[in-house]
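*Asks:* Protein chains in written order, with the numbering used here: chain A, 18 to 313; chain B, 24 to 280; chain C, 177 to 460.
So that we are looking at the same thing, I have put the structure below in structure tokens.
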């Protein structure tokens, strides 16, 4: 091949790679486009205020009503419940791995946590329904078969490894002079963790918490299986509820007419879901990168 | 500038009013310099004097530094190689380079040698080429039984000789060496220096070094750069024993640098 | 009663250990529970039968084959696209360029989009708009988009870990950019890229929500023959069984989970083996 042909070859490869790169850009545009257009169509049928502030969610049965608040409270139960479980324990595990565990222990625990993170969500759904719910019902017999608590517990187990590994990264990226300074003043590991490490890493702890909560909001299969499909405006974790994600699954399973309000509402709920997780992710990443460069 | 004794020397590369800038900072100021064919020319000077920058402009490796721009000419084979229309890829086939730290590819010794010829489309007899190049770089006896082992398993000195062998395999006319021994121990350094002496029969060698003893040992000609300016150029023996400029004398006698 | 500092410290250390131990205990309980419930249903007939209304005759064959098909197709689509995107961003652009920064931000945000949204995307674009219907290819394309960001980000990291000295060394031999990128940088980055591939493909194997959206929940009593065939996959079949009220189906679900975890495990072993093989030249 001549030099010129090789040169052209080189340029064409660059162009092909550019074209492929544009795929990922177009994915975002297409997602936003679909959710935007179909939500717009939905809001032609149902006023935005009815959707956002309505307290009745009854998209299939007459009289239909499309108040999304019950789905929001359903999602909130899962997010709050899973956060209560996962955030403190995730931080504590990270502290343990950093300050107490020997290198050898670390080497065993970290992969095990990764396994916990890698188990498919449907498996957690099964676990919730066949193990956790019966366990809860042993202690609280009034609990419904499908309930928010069971879903919140498994989602908590699912996001725990994410928080612990992000916090672990945050702790170990702190300058070692910081810790040594604490120990040099005669501090105990407990004091170093609570008074030096956690305050110093608070931005990145915050970022990992936000990212994990975003994961919990988007979690689908486990909550669909465990928490049920009853959209109800409640904060009682022992009742059957429905999350935003579970509703979308429900619509796709049924034979909902394409184009009707019940079908379109799927997109408005997904649009809301996208918006919330998108904002959380932006804030989370911002907090993460800010504290990576510069101060803490 | 010193009067050159050997007027018949043929200049293979000529720097004409070469100036190089990093953004607004001028690193090299209007250098005029001839490099002679089949000779070893050393470029010496204190760190930051622009010697490596000059060397990298000769095979256009400076292209990879965004903020850098150049004025003047570098003439090779009657062409100004700094011309934007010239394809640096072709140029680099003719003007090879050995870097400060050995940088073998994470492949086998064998594949390190044949990669350049292969991508440039003139690989004919790989086994022969590998043996020839490794022999030329005085590495053959040490590695002939493990040609297909990773190049990263070699010692630093061996790695640097492999990089020389890899360059030699391209059959270039000029080899640029950017402080090739600075990461090596004294024993490995001596082997490379001996090798340079053998290679000059076939190649023109330009070597940047901050080690004056090394320049004195290996080079035929020496150029002394200070703060981006060419202070003195001449035959190495003359420059070291009888420098013309006061700055050169101060530098080689160790008064600064 | 107030505790001394060292007592507080011991108490804290003990609680740390306890929390860590409990979370690992959860893993043990989870696996034990699944084994206990599912082992009785796990036999050759289970692997070789199609789904059925009667639990005693139901098997996982179509889901197992569906999962293998989906894995293969997704890998064939997502890995080249993801690796090429990362190559373009790392090797062909200037990192300070604001467009590049925007694309990178976009990709990191895509990684955080809930999987169910990808399902809706697949349903609208592949199944309906492009008329692919409820087919393997529609499912594989949907999953490919889902795991693309993970592959891109980890591949970028792997490429960044390749020292510039290798690139310069290659250019100095008269290499063109594509020689440098595909001949030196990419091969040197393969072990790191494999890590991302393992991570993302493991996720794809276990993913069910987006596939339910594109119609993988249909009753499939045959193994797919081509990419336009309808399909189901292991996690979706498991979901189907878990969702039924009869106890026996829960046992089948547990057996299905054992098969799913076994597939995941096997895949990881193979991928790690490949990674080690490529790592050969990295070790001294």
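Using N, Cα and C, we set each Cβ at its ideal position, and we do this for glycine too.
1. On the premise that residue 418/C lies in contact with residue 304/A, defined as a C-beta separation below 8 Å, what is that separation, rounded to the nearest angstrom?
2. Tell me the rounded alpha-carbon separation between residue 258/C and residue 253/A.
3. Residue 165/A to residue 259/A, Cα distance in whole Å?
4. Let me know the alpha helix (DSSP H) ranges lying completely inside the stretch 174-216 of chain A, each 4 residues or longer, listed in chain order.
5. Please report the distance separating the alpha-carbon of residue 388/C from that of residue 157/A.
6. For residue 297/A, collect the residues of the same chain with a Cβ closer than 8 Å to its Cβ; drop the 5 residues on either side in sequence, then sort them by chain order.
7. To the nearest angstrom, report how far apart residue 80/B and residue 44/B are at their CA atoms.
8. Would you mind telling me which residues of chain B sit closer than 8 Å to residue 426/C, beta carbon to beta carbon, in chain order?
9. Using a C-beta cutoff of 9 Å, does residue 188/A count as contacting chain C?
10. Looking at chain A, which residues of the stretch 387-417 of chain C have a Cβ within less than 7 Å of any of its Cβ atoms?
11. Please report the Cβ distance between residue 138/B and residue 122/B, rounded to the nearest whole angstrom; I am assuming they are in contact, meaning their Cβ atoms lie under 8 Å.
12. Checking the sheet assignment: what are the DSSP bridge partners for residue 94/A?
13. Helix or strand or just coil, what does DSSP make of residue 256/B?
14. Quick one, are the C-beta atoms of residue 41/B and residue 112/B less than 9 Å apart?
15. For residue 206/B, does the three-state DSSP call read helix, strand or coil?
16. Taking 8 Å as the limit between beta carbons, can you name the residues of its chain near residue 313/A, skipping five residues before and five after?
17. With a threshold of 8 Å on Cβ separation, who are the neighbours of residue 271/B within its own chain once the five nearest residues in sequence on each side are excluded?
18. Restricting to runs no shorter than 4 residues, where is the alpha helix (DSSP H) found entirely within the stretch 249-305 of chain C?
19. As a quick exercise: from 296/C, 343/C, 424/C and 400/C, pick the residue whose alpha carbon is nearest that of residue 249/C.
20. Do the stretch 289-304 of chain C and the stretch 320-332 of chain C make contact, defined as three or more Cβ pairs closer than 8 Å?
21. Can you list, in chain order, the residues of its chain with a C-beta nearer than 7 Å to that of residue 250/B? Leave out the 5 residues immediately preceding and following it.
22. From the DSSP output, in three-state form, read off residue 313/A for me.
23. On the DSSP bridge list, what partners appear for residue 34/B?
24. Excluding the 5 residues preceding and the 5 following residue 271/A in the sequence, name in chain order all residues of the same chain whose CB lies nearer than 6 Å to its CB.
25. Looking at the secondary structure, which residues open and close the beta strand (DSSP E) in which residue 308/C lies?
26. Quick check for students: name the residue ranges of the alpha helix (DSSP H) that lie wholly in the stretch 188-255 of chain B, counting only runs of 4 or more.
27. Taking a cut of 9 Å between CB atoms, which residues from the stretch 175-202 of chain A lie near chain C?
28. Cα-Cα, which of 277/C, 278/C, 225/C and 300/C is closest to residue 47/A?
29. Report the neighbours of residue 292/C on chain A: residues whose CB is nearer than 8 Å to its CB, in chain order.
30. Who does residue 91/B pair with in a DSSP beta bridge?
31. Given this structure, state the Cα-to-Cα distance separating residue 409/C from residue 437/C, to the nearest angstrom.
32. Run through the DSSP bridge pairs and tell me what residue 65/B is partnered with.
33. Where do the ends of the beta strand (DSSP E) carrying residue 120/B lie?
34. Once DSSP output is grouped into helix, strand and coil, what is the label at residue 273/B?
35. Which class does residue 392/C belong to by DSSP, given the choice of helix, strand or coil?
36. Ignore the nearest five residues each way along the sequence and tell me which others in residue 102/A's own chain have a CB closer than 8 Å to its CB.
*Replies:* A quick look at the data gives this:
1. Going by Cβ atoms, the distance from residue 304/A to residue 418/C rounds to 37 Å, so no, they are not a contact pair.
2. 43 Å
3. 8 Å
4. For the stretch 174-216 of chain A, whole alpha helix (DSSP H) runs of length 4 or above, ordered along the chain, are 193-201.
5. 33 Å
6. 227, 228, 230, 231 and 234
7. 12 Å
8. Result: empty, since nearest Cβ-Cβ is about 51 Å, beyond 8 Å.
9. no
10. 388, 389, 393, 411, 414 and 415
11. Not quite, the Cβ-Cβ distance comes to about 16 Å (not below 8 Å), so this is no contact.
12. The partner list for residue 94/A (beta bridge, DSSP) is empty, contrary to what the question assumes.
13. In this structure, residue 256/B counts as strand in the three-state DSSP scheme.
14. Not closer than 9 Å, so no.
15. coil
16. Residue confidence for residue 313/A is low, a pLDDT of 42 falling below 50, so the modelled location carries little weight; the figure read from the coordinates is stated next. Same-chain partners within the cutoff: 191, 217, 218, 219, 220 and 221.
17. 247, 254, 255 and 262
18. Runs found: 274-286 and 291-297.
19. 400/C
20. yes
21. 72
22. In this predicted model, residue 313/A has a pLDDT of only 42, less than 50, meaning its place in the structure is not dependable enough to derive any value.
23. 59/B
24. none
25. Run containing residue 308/C: none; DSSP gives neither H nor E here.
26. 209-222 and 235-241
27. Residues of the stretch 175-202 of chain A whose Cβ lies closer than 9 Å to any Cβ of chain C, in chain order: 177, 178 and 181.
28. 300/C
29. Chain A residues near residue 292/C: 235, 237, 262, 265, 266, 287 and 290.
30. 45/B
31. When rounded, the distance between both Cα atoms is 13 Å.
32. 230/B and 245/B
33. 118-121
34. Reduced to three states, the DSSP call for residue 273/B is helix.
35. In the structure shown, residue 392/C sits in coil (DSSP, three-state: anything other than H, G, I, E or B).
36. 169, 170, 173, 174 and 177
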